[in-house]
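What follows is one structure encoded as structure tokens, with my remarks underneath.
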Amino acid sequence: MLLTLALSRPHTTTPEMLEQAMQCPNDPVFGLKWYIVPLFVIWLFLIVNEIRQKRFSVVFGAAAFWLWDVFNETWNAMVYATTGQPVWGTTAAGGSALQILVGYNIEISFMFFILGMLTCKLLKTTEGYEGQGFFDANKNWLDDPNNMYYKANKKKSELTPEEYKTKVKAILNRISVIVFGSIAAVIIEILLNKCNVLTWEKPWWQPNFPFILFLIGYVPFYVAAVVIHDLPRKWQLIGLGAILFVVVLLLIISGSLGMLGHQTDGHGNWIGKFCDGDNGIIRAILRV
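Going letter by letter, the sequence shown gives residues 133 to 420 in the numbering used here.
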């Protein structure tokens with residue numbers, strides 16, 4: 133059914149098509165597929181392997197990467213709720229083991245966490261940077277020649293030529309991962325759109341404006357992963373906690389307003405469900 137919807141209008145979807153795809157029977161796990169189990173096991177194996185090797189910074193960096201994607205997916209769902217069309221959607225082509233939001237499914241969720249881990253493992257690090265104890269990670273961050281914060285406590289005038297050169301190399305390594313990773317992600321997203329697996333609904337979120345996909349769609353993910361990865365353990369937890377707080381707050385607000393599911397008024401108009409009908413919230417308030 134979903135494939136038929138996708139083929140009826142390639143690379144984009146109408147509000148009606150999105151509504152039909154998002155409407156599920158009363159069973160909340162309708163359409164759940166078995167391959168979600170091996171996906172989960174692979175994801176769990178990768179995390180456990182990093183933890184066994186005491187590479188917690190990789191896991192925390194990946195978590196930051198993943199959380200920023202959840203943030204993006206949430207505001208995309210809010211755009212869908214208020215305008216009738218999301219910025220991007222994944223419901224048209226179908227085939228997902230679990231559709232979470234209009235542009236977000238379980239495969240994307242696993243993929244972004246694993247991509248975050250890959251990003252952190254591409255970073256050049258100093259042997260033993262995680263230390264012996266849990267809170268020893270990046271303990272010498274200001275003196276680690278492979279850390280982006282190397283000599284961050286000193287002014288440029290206080291650095292020796294060799295220290296300055298080392299600092300630049302450390303920063304460039306991180307920037308190269310961010311830039312090339314984001315470019316690769318944009319290229320893949322364009323290919324997915326061409327295959328009609330990922331649809332784009334807004335004129336400004338198109339291959340004609342790749343810098344928007346680059347700056348909004350992916351750079352923040354990579355920056356979050358790199359920044360969290362290179363911080364000392366205490367600040368890793370604080371930074372990750374701050375990102376988590378923002379994401380959870382946005383989810384609570386949007387969820388409370390009914391902006392995470394399908395359009396309940398059936399016309400791509402989220403405002404309508406607050407105004408129309410005898411049960412409209414605004415009408416109920418006026419009656420009081």
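Heads up, the beta-carbon is just placed ideally off N, CA and C, and yes, glycines get one too.
For residue 233, report the span of its alpha helix (DSSP H) as first-last.
Per DSSP, residue 233 belongs to no alpha helix (DSSP H); it is in the beta strand (DSSP E), 231-233.
So residue 368 and residue 177 are in contact, right, with Cβ under 8 Å, and what is the actual spacing, rounded?
Wrong, their Cβ atoms sit about 23 Å apart, outside the cutoff.
At which residue ranges does the segment 227-266 contain complete alpha helix (DSSP H) runs of 4 or more residues, listed in the order of the chain?
You should have 238-253.
Can you tell me whether residue 331 is helix, strand or coil according to DSSP?
In this structure, residue 331 counts as strand in the three-state DSSP scheme.
With 16 other CB atoms within 10 Å as the buried threshold, where does residue 217 fall?
That one is buried.
According to DSSP, is residue 220 helix, strand or coil?
Of the three classes helix, strand and coil, the one that applies to residue 220 here is strand, per DSSP.
Skipping 5 residues on each side, what residues in its chain have a beta carbon closer than 6 Å to that of residue 398?
Legend: pLDDT at residue 398 = 44, less than 50; position of this residue unreliable, value from coordinates given subsequently. Hits under 6 Å: none found.
My assumption, with CB atoms under 8 Å, is that residue 245 sits in contact with residue 200. Please give the rounded CB distance.
In fact, because the Cβ distance is near 11 Å, the residues do not count as touching under 8 Å.
So for residue 215, helix, strand or coil by DSSP?
Of the three classes helix, strand and coil, the one that applies to residue 215 here is helix, per DSSP.
If we count the other Cβ atoms within 10 Å of its Cβ and call it buried at 16 or more, is residue 269 buried or exposed?
Its Cβ being crowded by 16 or more others within 10 Å, residue 269 is buried.
Under 9 Å, do residue 235 and residue 197 count as touching if we go by C-beta distance?
No, Cβ-Cβ distance for residue 235 and residue 197 is not below 9 Å.
In whole angstroms, what separates the C-alpha of residue 286 from that of residue 358?
Distance between the alpha carbons of residue 286 and residue 358 is about 21 Å.
Alpha carbon to alpha carbon, how far is residue 281 from residue 301? Give it in angstroms, no decimals.
Residue 301 and residue 281: Cα-Cα distance of roughly 11 Å.
From residue 202 to residue 379, what distance separates their C-alpha atoms?
Between residue 202 and residue 379, the C-alpha separation is close to 7 Å.
Quick one: give me the first and last residue of the alpha helix (DSSP H) that residue 308 is part of.
Element bounds for residue 308: 293-326.
With distance defined between alpha-carbon atoms, name the residue in 186, 171, 344 and 233 nearest to residue 317.
Comparing Cα-Cα distances from residue 317 to each of 186, 171, 344 and 233, the minimum goes to 344.
CB-CB under 6 Å to residue 334, same chain, minus the five flanking residues each way: which ones, in chain order?
Here the set comprises 219.
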